[in-house]
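Novice:
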Amino acid sequence: MAAARDPRSARGSALTLGFATAVTMWAIAYVGRLPAVTASSALIGVLMLAAVVGWGWFAGRRTARWSAGAAGGAVAGVTNLLILGSLIAGPDGALQWAMLWWLPVSVVAVGALAGAAAAVAAASPAPPRETDWTAMLTKVAVVASFLMVVAGGLVTSKEAGLAVVDWPNTFGSNMFLYPISRMTGSIYYEHAHRLFGALLGLTTVAVAVRLWRVEPRSWVRALAAAAVAVVVIQGLLGGLRVTGHLTLSTATEDMAPSIGLAVLHGVVGQVFLALMVVVAAATSRRWRTAPERQPGVRAATDRTLQAVLVGALVVQLLLGAIQRHVAQGLVVHISLAAVVAILAIAAGARAWGLFHGVWPMQRLGQLLMSVVGIQVALGIAALAVTQGRAIVGHPTTIEVTIATAHQATGAALLALAVLLAAWTRRLYQPA
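Counted from 1, the sequence shown has number 283 at position 289 by the working numbering; the numbering is strictly sequential.
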């Protein structure tokens, strides 16, 4: 199995550390400003600075170079410009030119802080550990994808999908300049979801560019290119779900919101997560150094079972999205849930019990069975709190929490099933 070229390059470390820092900072800011949390700006700021220091320290320990931390911090600072505009924009969403000096200062400041932390860590007498920065970047993209699924789930659970009436602008303002002071209530959920989508799109492009530069396997590069295409389509689906057509109008009467596109948008987001999980697995050291595929008498059965499971999960996620948006098809959704549970337990049990000593197979089998159990419990809880109806009006915190957890766990279940299928095909071929 060919290995990726130059996986530990300085350029790769800067890209990976930068996006890892940015995703961490954005996650802290997102959670801290949730209406149900409303942490103080000071606390959010301290935690975000701690993230910069933490990743700078990590850079110093892994590379023994302060410059790696500084470069990663600078990349994070540039990425953070996507949201910094909301802090320097005026109340009307117009850019305050006198505040533009904050943009370069923020990039330099984040880079300097991360570089200082890296310098301290690099002074340790312990030798640095080798890191495959390309593989790590794909894992950062997986984390960003999952966070995006959760953020999207919260939008649906809070009935906030139409809180912002236009797209790609936000109430007529450039979405990156919409004032943070006006991001309140349902508007916050939807607008933050859009911003996180921009971050995920940028992260996906970074992964694709990196893989096309260093990855010798054409099928992995093709997956990365497909991921870029899917994330672009997903963004368009999210916008057209609001407007119904391409328009820069801000008038409600010019919009034609589409429930169908909302359902499709939700499912594609979960499929995208599964795609990124496969990309991350394929770039991992364990995948690249695994032995060539071995003949297996059980391989054909496992491949078929796993393919059926993945197909059933996609249909189940589609039914779940329909239920969440329009409260239709509940009986079919529950019935298929029983089928999916049986398939997942069967596939997980086979991977766990029949591949003794094969770490990915056994661990994935265990995880698959555990997660499907959690998902069934969450499904029962969601049915209990919603009584089978779509969440409307002012949902309670418990309704929002359970419904969002149920959706996110469904996405994780699909990702695990796809990952198990990928590993089975990597390690075994039908005898």
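C-beta: ideal position from N, C-alpha, C; glycine also. Keep in mind it's a predicted model, so treat the numbers as computed, not measured.
Of the choices W353, A111 and G260, whose alpha-carbon is the least far from that of L427?
Specialist: In this structure the chain extends from -5 to 425, so residue 427 is not present and cannot be described.
Novice: If you measure between the beta carbons of W49 and T15, is that distance less than 8 Å?
Specialist: Yes, the pair counts as a contact, with Cβ atoms nearer than the cut-off.
Novice: What number of angstroms, rounded off, separates the C-alpha of I181 from the C-alpha of T197?
Specialist: About 24 Å.
Novice: So is H187 buried or exposed if we call it buried at 16+ other beta carbons inside 10 Å?
Specialist: H187 comes out buried.
Novice: Less than 8 Å separating the beta-carbons of T380 and A402?
Specialist: No, these two residues do not count as a Cβ contact at 8 Å.
Novice: Let's see if you can read the secondary structure: which residues bound the alpha helix (DSSP H) around P354?
Specialist: Looking at the DSSP string, the run of the alpha helix (DSSP H) that includes P354 is W353 to T380.
Novice: I think G347 touches L362, with their Cβ atoms under 8 Å apart; what is that distance to the nearest whole Å?
Specialist: Not really, about 12 Å apart at Cβ, beyond 8 Å.
Novice: Which residues in the same chain as A115 place their Cβ atom closer than 6 Å to its Cβ, once the five residues preceding and following it in sequence are excluded?
Specialist: Closer than 6 Å at the Cβ level, and outside the excluded window around A115, lie W51, G54 and R55.
Novice: Run the CB neighbour count on G193, radius 10 Å, all protein chains shown included, and call it buried at 16 or more, exposed below.
Specialist: Note on residue identity: the sequence assigns Leu, not Gly, to residue 193. Buried, by the Cβ-count rule.
Novice: Report the three-state DSSP secondary structure of A415 (helix, strand or coil).
Specialist: Three-state DSSP puts A415 in a helix.
Novice: Please specify which runs of the beta strand (DSSP E), each continuous and at least 3 residues long, are wholly inside the stretch 274 to 334, giving them in chain order.
Specialist: Counting only runs of 3 or more, we get 288 to 290.
Novice: In angstroms, rounded to a whole number, what distance separates the CA positions of M169 and E247?
Specialist: Their backbone Cα atoms lie some 21 Å apart in a straight line.
Novice: Between the beta-carbon of A274 and the beta-carbon of V136, is there less than 8 Å?
Specialist: Going by C-beta atoms, A274 is nearer than 8 Å to V136.
Novice: At a cut of 8 Å, does the stretch 214 to 230 reach the stretch 19 to 26 through at least three beta carbon pairs?
Specialist: No, the stretch 214 to 230 does not touch the stretch 19 to 26.
Novice: Between the stretch 407 to 417 and the stretch 349 to 366, do at least 3 Cβ pairs fall closer than 8 Å?
Specialist: Because the criterion of three Cβ pairs below 8 Å is met, the stretch 407 to 417 and the stretch 349 to 366 touch.
Novice: Would you check if the stretch 68 to 86 and the stretch 102 to 112 touch, i.e. whether three or more CB-CB distances between them fall below 8 Å?
Specialist: Segments in contact, yes.
Novice: What does DSSP give as the partner residue(s) for S167 in the beta ladder?
Specialist: T164, per the DSSP bridge assignment.
Novice: Between L330 and V309, how many whole angstroms is the CB-CB distance? I'm expecting something under 8 Å.
Specialist: Rounded, the Cβ-Cβ distance is 7 Å, consistent with contact.
Novice: Using 8 Å as the threshold, is the stretch 163 to 178 in touch with the stretch 208 to 215, meaning 3 or more CB pairs across them?
Specialist: Cβ pair count under 8 Å is below three, so no.
Novice: For A83, does the three-state DSSP call read helix, strand or coil?
Specialist: It is a strand residue.
Novice: According to DSSP, what are the bridge partners of P424?
Specialist: In the DSSP output, where bridge partners are listed per residue, P424 has G290.
Novice: Leaving out five residues on either side along the sequence, give the residues of the same chain with a beta carbon under 7 Å from the beta carbon of G146.
Specialist: Same-chain partners within the cutoff: H187, G260 and G263.
Novice: Is A62 near A8, with beta carbons less than 8 Å apart?
Specialist: Closer than 8 Å, so yes.
Novice: One question on the structure: do A202 and A221 come within less than 8 Å of each other, judged by their Cβ atoms?
Specialist: A contact, by the Cβ cut-off of 8 Å.
Novice: Determine whether the Cβ of R207 lies closer than 8 Å to any Cβ atom of chain B.
Specialist: Checking the listed chains, one finds no chain B in this structure; it contains a single protein chain.
Novice: DSSP three-state call for G260: helix, strand or coil?
Specialist: In the structure shown, G260 sits in a helix (DSSP, three-state: H, G or I).
Novice: By the 10 Å Cβ neighbour count, where 16 or more other Cβ atoms means buried, how is A409 classified, buried or exposed?
Specialist: By the 10 Å Cβ count, A409 comes out buried.
Novice: Which residue wins for smallest C-alpha separation from L111, given the options I316, A406, V47 and V159?
Specialist: Note on identity: in this sequence residue 111 is Ala, with Leu being the wrong assignment. Nearest option by C-alpha distance: V47.
Novice: Per DSSP, what kind of secondary structure is A110 in: helix, strand or coil?
Specialist: It is helical.
Novice: Whole angstroms are fine: how far does the CA of F266 sit from the CA of A405?
Specialist: If you take the alpha carbons of A405 and F266, they lie about 10 Å apart.
Novice: Alpha carbon to alpha carbon, how far is R204 from G6? Give it in angstroms, no decimals.
Specialist: Their Cα atoms are separated by approximately 8 Å.
Novice: Looking only at its own chain, which residues have a Cβ that is under 6 Å from the Cβ of G232, when we skip the five neighbours before and after it?
Specialist: Counting only Cβ-Cβ distances below 6 Å, and skipping sequence neighbours, we find H259.
Novice: Grab the span of the alpha helix (DSSP H) containing M142 for me, first residue to last.
Specialist: From DSSP, the alpha helix (DSSP H) with M142 extends over W127 to S151.
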